[in-house]
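See below for the structure under consideration.
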Amino acid sequence: MAINCENCKAYCCRVIGKIVPELDRGDCACIHLTEDNKCEIYENRPFICNTDRIYKKYFSNKYTIEQWNELNHKACEELKNDEEQQYKEQGQKDS
Ligand code: SF4
Ligand code: SF4
39 MAINCENCKA
49 YCCRVIGKIV
59 PELDRGDCAC
69 IHLTEDNKCE
79 IYENRPFICN
89 TDRIYKKYFS
99 NKYTIEQWNE
109 LNHKACEELK
119 NDEEQQYKEQ
129 GQKDS
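Residue numbers 39 to 133, in the numbering used here, belong to the letters of the sequence shown in order.
Structure below.
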């Protein structure tokens with residue numbers, strides 16, 4: 039299954055600052071993330087954000103593209119669940 043970012047709140051781009059400090063806009067979200075959850079430099083996004091390039095360079099001899107996409111899809115789901123849980127906990131603390 040290929041990754042579909044259409045209905046995602048860009049969870050990956052909201053935590054990138056934890057691993058790439060130079061992209062941190064101050065709250066761990068990326069300096070290139072737009073208000074409508076898009077990447078303003080998508081065509082020239084960094085290597086770490088480009089799963090196609092990462093696959094070709096490091097993983098094409100380990101996984102089929104379908105396996106790679108499935109692994110990334112699972113990672114996105116886990117990140118989404120973790121982040122939504124944190125938002126919920128934050129909301130409970132704030133209310
Ligand atoms: S977390 Fe996954 S689905 Fe969401 S924007 Fe990032 S890559 Fe796309
Ligand atoms: S550069 Fe683009 S794809 Fe990468 S974290 Fe920032 S907004 Fe997301």
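C-beta atoms are modelled at their ideal positions from N, C-alpha and C, and glycine is treated no differently. Please read all numbers here as calculations on a predicted model, not as lab measurements.
For C68, the beta-bridge partners assigned by DSSP are D62. Around the beta-carbon of Y49, 16 or more other beta-carbon atoms lie within 10 Å, marking it buried. For E104, the enclosing alpha helix (DSSP H) starts and ends at 103-132. The shortest CA-to-CA distance from N82 to any of R63, I41, H70 is the one to H70. Across the set W106, C114, Q130, the C-alpha of C114 shows the shortest separation from the C-alpha of V53. When K95, E78, N107, Y101 are compared, the shortest CA-CA separation from N42 is found for N107.
Judged by the Cβ position, I41 qualifies as a neighbour of ligand 1 at the 6 Å threshold, a heavy atom of the ligand being closer than this. Contact between K47 and N88 is absent: CB atoms are separated by about 20 Å, not below the 8 Å threshold.
Secondary structure of C77 (DSSP, three-state): strand.
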